Amino acid sequence: SWPWRAGADRRGAPDQHASSALGGELGYRKAAVVLIGNELLRGHVADANLPWLAKMLYSRGIDLVRAEVVPDDTSDIANTLLALKERVGEDGFIFTSGGIGPTHDDVTYEAVAKAFGTTTAVHEETVQRMLKYFAKQGKELNEARMRMARLPKDCDVLYTSGLWVPLAVVQGCYILPGIPHLFQKMLTAQEERFRGPSNFSDVIFTNDGEGDIAKTLTEIADAYPSVDIGSYPNTSKDSRTYTTKFVLHSRQEDAIAQASKAILDRIPSCWK
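As structure tokens, then:
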């Protein structure tokens with residue numbers, strides 16, 4: 043697909059134009075996510091948290107502007123967090139996924155603490171919750187499990203109904219487990235924290251190929267810089283009801299309407 047944005051340098055390949063009119067450029071609150079784990083980089087595990095998070099944030103008016111996948115390395119995670127903090131700004135959000143378990147390769151708490159100039163310490167309320175949880179399972183709270191209660195000092199700690207797992211927050215960085223159902227449940231419980239101006243969208247179809255309409259679409263994108271226009275070929279083997287789909291996004295509802303009208307007027311084969 044080719045994301046079109048007014049003002050982009052179109053001399054390069056199409057995938058170099060992926061900057062979005064919604065990508066925080068207009069001063070809206072931004073977010074980034076760090077997916078942590080050697081298993082992700084080796085292809086042993088397929089991440090499910092990024093697409094869920096992207097949809098949730100978009101629905102709440104927050105611009106997800108960057109996603110990084112990093113190994114289980116304290117310095118690598120810390121350096122990534124610092125770079126992302128600069129990108130999203132002081133009022134932005136960072137989410138981490140993974141690396142908060144009981145084994146030697148679970149280093150996310152330590153890495154977040156390092157990034158933000160602090161250390162980890164045992165969080166007593168989390169210990170008490172863990173004692174109750176593991177006692178019901180007939181398990182002891184041993185040294186390995188206690189690693190999961192060592193949180194960055196002075197962090198805010200949020201809890202989710204029915205879970206002992208803490209959601210530690212350090213300077214806008216939300217530290218989450220990589221297990222999808224936990225990641226989703228814990229963020230859903232806090233979703234009121236993530237709110238921005240509404241996004242609007244529209245969808246238009248055509249039986250023309252992308253190469254046939256690229257020049258016209260570029261001109262329309264230039265005329266409506268506040269609208270992000272994505273062009274997506276139909277790759278479905280089961281249905282060829284259309285050849286190309288345009289998806290328009292903007293925080294300005296009137297701009298969406300005007301850009302959609304321009305596409306319908308200037309590309310006769312289009313329909314909605």
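Under the working numbering, read the sequence shown as residues 43 to 314, first letter to last. For glycine and all other residues, C-beta sits at the position ideal for the given N, C-alpha and C. Being a predicted model, the structure only gives us computed values, none of them experimental.
The beta carbons of tyrosine 274 and valine 289 sit about 7 Å from each other, so the pair counts as a contact at 8 Å. In terms of Cβ geometry, valine 212 and alanine 191 do not form a close pair [threshold 9 Å].
Taking the Cα of asparagine 241 as reference, the smallest distance to any Cα among Leu106, Leu209 and Asp89 is reached at Leu106. In summary, leucine 124 is exposed, with fewer than 16 beta-carbon neighbours lying within 10 Å of its beta-carbon over all protein chains present. DSSP links threonine 248 through a beta bridge to Thr286. Contact check for glycine 238 against glycine 140 fails: the beta carbons are separated by 9 Å or more. For secondary structure counted as the beta strand (DSSP E) over 3 or more consecutive residues, the segment 172-258 holds these complete runs in sequence order: 192-194, 198-200, 209-212, 215-218 and 242-248.
In the pairwise beta carbon analysis, the segment 206-223 is classified as touching the segment 138-157: at least three pairs are separated by under 8 Å. For arginine 129, the enclosing alpha helix (DSSP H) has its first and last residue at 116-130. The beta carbon of glutamate 252 lies closer than 7 Å to those of Trp44, Ser273, Pro275 and Thr286 in the same chain, with the five residues before and after it left out. If you ignore the 5 residues before and after glutamine 294, its C-beta comes within less than 8 Å of the C-beta of Phe242, Ser268 and Val269, all in its own chain and listed in chain order.
Under the three-state reduction of DSSP, serine 268 is assigned to coil, being neither helix nor strand. With respect to the 9 Å criterion, phenylalanine 137 and alanine 73 are classified as neighbours on the basis of their beta carbons. Rounded to whole angstroms, the separation of the alpha carbons of leucine 306 and valine 87 is 43 Å.
About 6 Å separates the Cβ atoms of proline 194 and alanine 210, confirming a contact at the 8 Å cut-off.
Beta-bridge analysis with DSSP links isoleucine 136 to Ala74 and Cys215. Annotation for aspartate 296: no residue places its beta carbon closer than 7 Å to its own, counting only its chain and skipping 5 residues before and after. One Cα belongs to aspartate 250, the other to proline 93, and the distance between them is close to 29 Å.
Looking at the backbone, the Cα of alanine 90 and that of leucine 229 are separated by about 14 Å. Burial check for histidine 146: the Cβ neighbour count within 10 Å stays below 16, so the residue is exposed. A residue is called buried once 16 or more other Cβ atoms fall within 10 Å of its Cβ, and threonine 122 is buried on that count. In the structure shown, proline 93 falls within a helical segment according to DSSP collapsed to helix, strand and coil.
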